[in-house]
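Below: one structure, written as structure tokens.
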Amino acid sequence: MGGLVTALVGLSSGVQAQQMGAGGAGAIPGIPFGGAADPSMVPLRDGFQVIPSLSVGQRYDSNVFFVGKRPGLQREDFVTTAVPQLRGAYVGDSIAVNAVAGATGEYYAKNTDLNYVGANAGLALNLSKLLDRWWQGATLTAADTYIYSPQAPMFAAGNLAGDPATPHVTGFQVGRATVSRNVVRTDLALPLNQMLNLTGSYANGFLRYGSSDVQQAGALLNNQFQTYTAGLALKASPQDILSVNAVNNEIEFTSQAGGSFTTRGATMGWEHLFTPMVSLRAHAGATLLQRELGGTPSTSTVAPIGDVALFWKDRTTALTLLYSLGVAPSLQFQAQALRTHVVSVTLTQEMALPNLLAVATANYGRGDQYGASSGADVSYVSVMGSGGVVYKFTPQTFLGVNYTYTNVENNFGGNSVAFDRHVGQVTLTQAFY
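Per this note's numbering, the sequence shown runs over residues 340 to 772.
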């Protein structure tokens, strides 16, 4: 909870970048619950802001190795966590920057060999004011997130922004291993007239595995990806934005036998404001999947892609429902392209008791290998649910209590690797400003 930055980046459309406006830097991708559980996430103001914070926590973890039962393996543990974090922001006449960097240190009472120090960072940059000097109404934003940890999140938990699932965060969980993961994205919108905008985006990311703390069920697969989009967005009414986008993805496996696949397709989008409290964002389309895995090209396949997000936000409640359908790389066993489904529900609710906030998230992920292959099929199903409360002693001091349940089943060649995990955690976060 407070102070922890999950490493994902929202692949929102260029339309959203345009709607972001030229005023602020925007939200840093991957902040759980939109920063509602982090006292350092205060509104930005003109000029510089620097806000240090410190989170300390204690948790019971029933499965610190993320594997099933094994003889002689002590899976449960009590873990002490410390997360120092520094947030910096600048809002000026030309640019706006919102950045956060932190370290995570953990001590394991039983499995002391697992003690570690990890790192995370996030950045949101808005150059719209600068660009507006040459092209009135144009917007240009960029975002970057990085994580180094043996506990990289499998879902974008607390995803209030409704960002579609990225290739590395679709619910697949390997055994405990160090992960280095980075994603950078830029979005551009250029008005052609008062109603029509030219939009484009570029994203680049990598995932690299380091040492494992437990014997893995299969090989871990490093990979990198690039995504390009270009399209048009039409403001059809004060409540509606229609869009069409060409989407190109390139994914390369950078470990073992390697291989790659590409998807080239298009989507149509609709964003609608039902009421000041309720809105919808949807994209649907198809893509041509071309694979060259294990040195052998495969027959091209047409694959459906899309996402739909429903938002509710009023004075006390924020609720986001999200479904994403896409193509993502396998992260274990053998290099393959997977059809992925991700469903998430995220809620924050101010309670009747003053300064008490309830937070909850539920996530479902499924991946299935596309087509036949020379090897065995790869698939997985994962479920994760989390709920808790945050009590705000002061605007700078938050106490969080949280419970999380995870269930994972990975399949390869008719063999199943399944486990579950229970985590109960108490976290105290202090921001200094």
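Built from N, CA and C at the ideal position, the CB exists for glycine as well.
Taking 7 Å as the threshold (C-beta atoms), are Ala375 and Thr700 in contact?
To locate residue 700, count along the sequence shown from 1; it is residue 361. To locate residue 375, count along the sequence shown from 1; it is residue 36. No. Outside cutoff.
My output table needs one value for Lys468: the three-state DSSP class, helix, strand or coil.
Here residue 468 refers to the residue found at position 129 of the sequence shown. Looking at Lys468 - three-state DSSP - the assignment turns out to be helix.
In terms of alpha-carbon separation, which member of Tyr742, Glu748, Asn694 and Val722 lies closest to Phe732?
Translated into the one-based positions of the sequence shown, residue 732 becomes position 393. With distances taken between Cα atoms, Phe732 lies closest to Asn694.
Between Trp651 and Val617, how many whole angstroms is the CB-CB distance? I'm expecting something under 8 Å.
Locating residue 651 in the sequence shown gives position 312, counting from the first residue. Locating residue 617 in the sequence shown gives position 278, counting from the first residue. Indeed they touch by this definition, with Cβ atoms about 5 Å apart.
Which value, in whole angstroms, describes the spacing of the CA atoms of Tyr744 and Trp474?
If you number the sequence shown from 1, residue 744 lands on position 405. If you number the sequence shown from 1, residue 474 lands on position 135. Their backbone Cα atoms lie some 49 Å apart in a straight line.
Measure from the alpha carbon of Gln671 to the alpha carbon of each residue in Ser551, Ser637 and Arg472, then state which is nearest.
Numbered from 1 along the sequence shown, position 332 holds the residue referred to as residue 671. Selected option, being the one with the closest Cα: Ser551.
Pick out whichever of Asp416, Pro378 and Asp377 has its Cα sitting closest to the Cα of Val762.
Looking up residue 762 in the sequence shown gives position 423. Answer by Cα proximity: Asp416.
For the beta strand (DSSP E) that Trp474 lies in, which residues bound it at each end?
Taking the first residue of the sequence shown as position 1, residue 474 is located at position 135. Note, Trp474: premise wrong, no beta strand (DSSP E); not H, not E.
If we count the other Cβ atoms within 10 Å of its Cβ and call it buried at 16 or more, is Ser599 buried or exposed?
Counted from its first residue, the sequence shown places residue 599 at position 260. It is buried - the Cβ of Ser599 has at least 16 other Cβ atoms within 10 Å.
Can you tell which of Val522, Gly724 and Gly549 has its C-alpha closest to the C-alpha of Pro489?
In the sequence shown, residue 489 corresponds to position 150, counting from 1. It is Gly549 whose Cα lies nearest to the Cα of Pro489.
Between the CA atoms of Val430 and Gly362 - distance to the nearest angstrom:
Residue numbering aside, residue 362 sits at position 23 when the sequence shown is read from its first letter. Residue numbering aside, residue 430 sits at position 91 when the sequence shown is read from its first letter. Any reading at Gly362 is ruled out, since the residue's pLDDT is 45, under 50, leaving its predicted position unreliable.
Check each candidate in Arg547, Thr484, Gln769 and Pro506 and name the one with the smallest Cα separation from Thr525.
Indexing the sequence shown from 1 puts residue 525 at position 186. Taking only the C-alpha atoms, the option nearest Thr525 is Thr484.
Supposed close pair Pro506, Ala667 - CB separation, criterion 8 Å:
Along the sequence shown, read from residue 1 onward, the residue named residue 506 stands at position 167. Along the sequence shown, read from residue 1 onward, the residue named residue 667 stands at position 328. The pair is a contact, with the Cβ atoms about 4 Å apart (cut-off 8 Å).
Where does the unbroken beta strand (DSSP E) through Thr443 begin, and where does it stop?
Taking the first residue of the sequence shown as position 1, residue 443 is located at position 104. Its beta strand (DSSP E) spans residues Ala435 to Tyr447.
In whole angstroms, give me the CA-to-CA distance for Thr419 and Gly369.
Your numbering for residue 419 matches position 80 in the sequence shown. Your numbering for residue 369 matches position 30 in the sequence shown. Thr419 and Gly369: Cα-Cα distance of roughly 23 Å.
According to DSSP, which residues form a beta bridge with Thr626?
Taking the first residue of the sequence shown as 1, we reach residue 626 at position 287. The partner list for Thr626 (beta bridge, DSSP) reads Gly604 and Ala642.
Quick one: Cα of His680 to Cα of Tyr703, how far?
Position 341 of the sequence shown, counting from 1, holds the residue named residue 680. Position 364 of the sequence shown, counting from 1, holds the residue named residue 703. Going by the C-alpha atoms only, they are around 8 Å apart.
Nearest by alpha-carbon distance to Gln675: which of Ile644, Gly645, Thr635 and Ser663 is it?
Walking along the sequence shown from the start, residue 675 turns up at place 336. Per the Cα distances, Thr635.
Which word fits Gly752, buried or exposed, when buried means at least 16 other C-beta atoms lie within 10 angstroms of its C-beta?
Sequence index remark: in the sequence shown, residue 752 carries index 413 (1-based). Its Cβ having fewer than 16 others within 10 Å, Gly752 is exposed.
Look at the Cβ atom of Gln563, then the Cβ atom of Thr593, and state whether they are nearer than 7 Å.
Translated into positions along the sequence shown, residue 563 becomes position 224. Translated into positions along the sequence shown, residue 593 becomes position 254. Their beta carbons are under 7 Å apart, which means Gln563 touches Thr593 by this criterion.
What residue ranges within the segment 551–597 form continuous beta strand (DSSP E) runs of no fewer than 3 residues, ordered along the chain?
562–576 and 579–592
Figure out for me which residue from Leu546, Leu571 and Thr566 has the closest Cα to the Cα of Leu774.
Since the first residue shown for the chain is 340 and the last is 772, residue 774 is missing from the structure and cannot be characterised.
DSSP three-state assignment for Leu453, whether helix, strand or coil
As a first step, residue 453 is located in the sequence shown; it is residue number 114 there, counting from the start. If DSSP states are grouped into helix, strand and coil, Leu453 belongs with the helices.
By the three-class DSSP mapping on this structure, what secondary structure does Phe737 have?
Start at 1 with the first residue of the sequence shown, and residue 737 comes out as number 398. Three-state result, Phe737: strand.
With 16 other Cβ atoms within 10 Å as the buried cut-off, status of Asp432
One-based indexing of the sequence shown puts residue 432 at position 93. Asp432 should be labelled exposed.
Leaving out the 5 sequence neighbours to the left and right, which residues in its chain are closer than 7 Å to Thr501 when beta-carbon positions are compared?
By one-based count along the sequence shown, residue 501 stands at place 162. The residue asked about is misnamed: residue 501 is Gly in this sequence, not Thr. Only Arg620, Ala648, Phe650, Thr659 and Leu661 meet the Cβ criterion.
Ranges of the beta strand (DSSP E) found wholly within the segment 656–738, counting only runs of at least 3:
656–668, 676–689, 695–708 and 717–733
Proximity below 7 Å, CB of Gln735 to CB of Pro378:
By 1-based counting over the sequence shown, the position of residue 735 is 396. By 1-based counting over the sequence shown, the position of residue 378 is 39. Their beta carbons are under 7 Å apart, which means Gln735 touches Pro378 by this criterion.
Classify Asn532: buried if its beta carbon has 16 or more other beta carbons within 10 angstroms, exposed otherwise.
Position 193 of the sequence shown, counted from the start, is the residue given in the question as residue 532. Label assigned to Asn532: exposed.
Closest to Leu535 by C-alpha separation, out of Pro615, Ile580 and Ala558, would be which residue?
Residue mapping note: residue 535 aligns to position 196 of the sequence shown, counting from 1. When only C-alpha atoms are compared, the closest one is Ile580.
Going by C-alpha distance, which of Gly441, Asn450 and Gly365 is nearest Gly457?
Taking the first residue of the sequence shown as position 1, residue 457 is located at position 118. When only C-alpha atoms are compared, the closest one is Gly441.
Got a sec, what are the start and stop residues for the beta strand (DSSP E) Arg384 sits in?
Position 45 of the sequence shown, counted from the first residue, corresponds to residue 384. Run containing Arg384: none; DSSP gives neither H nor E here.
Less than 8 Å between the CB atoms is what I'm expecting for Arg426 and Val439, so what's the real figure, rounded?
Position 87 of the sequence shown, counting from 1, holds the residue named residue 426. Position 100 of the sequence shown, counting from 1, holds the residue named residue 439. That belief holds up - the Cβ atoms of Arg426 and Val439 are roughly 5 Å apart, short of 8 Å.
Residues in the same chain with beta-carbon distance under 7 Å from Tyr455, minus the five sequence neighbours each way, listed in chain order, please.
Locating residue 455 in the sequence shown gives position 116, where the first residue counts as 1. Excluding residues within five positions, the ones whose Cβ falls inside 7 Å are Glu445 and Pro489.
So what's Gly373 in DSSP terms, helix, strand or just coil?
Translated into positions along the sequence shown, residue 373 becomes position 34. It is helical.
Given this structure, state the Cα-to-Cα distance separating Asn754 from Ala623, to the nearest angstrom.
For this step, residue 754 is matched to residue 415 along the sequence shown. For this step, residue 623 is matched to residue 284 along the sequence shown. Taking the straight line from one Cα to the other gives about 34 Å.
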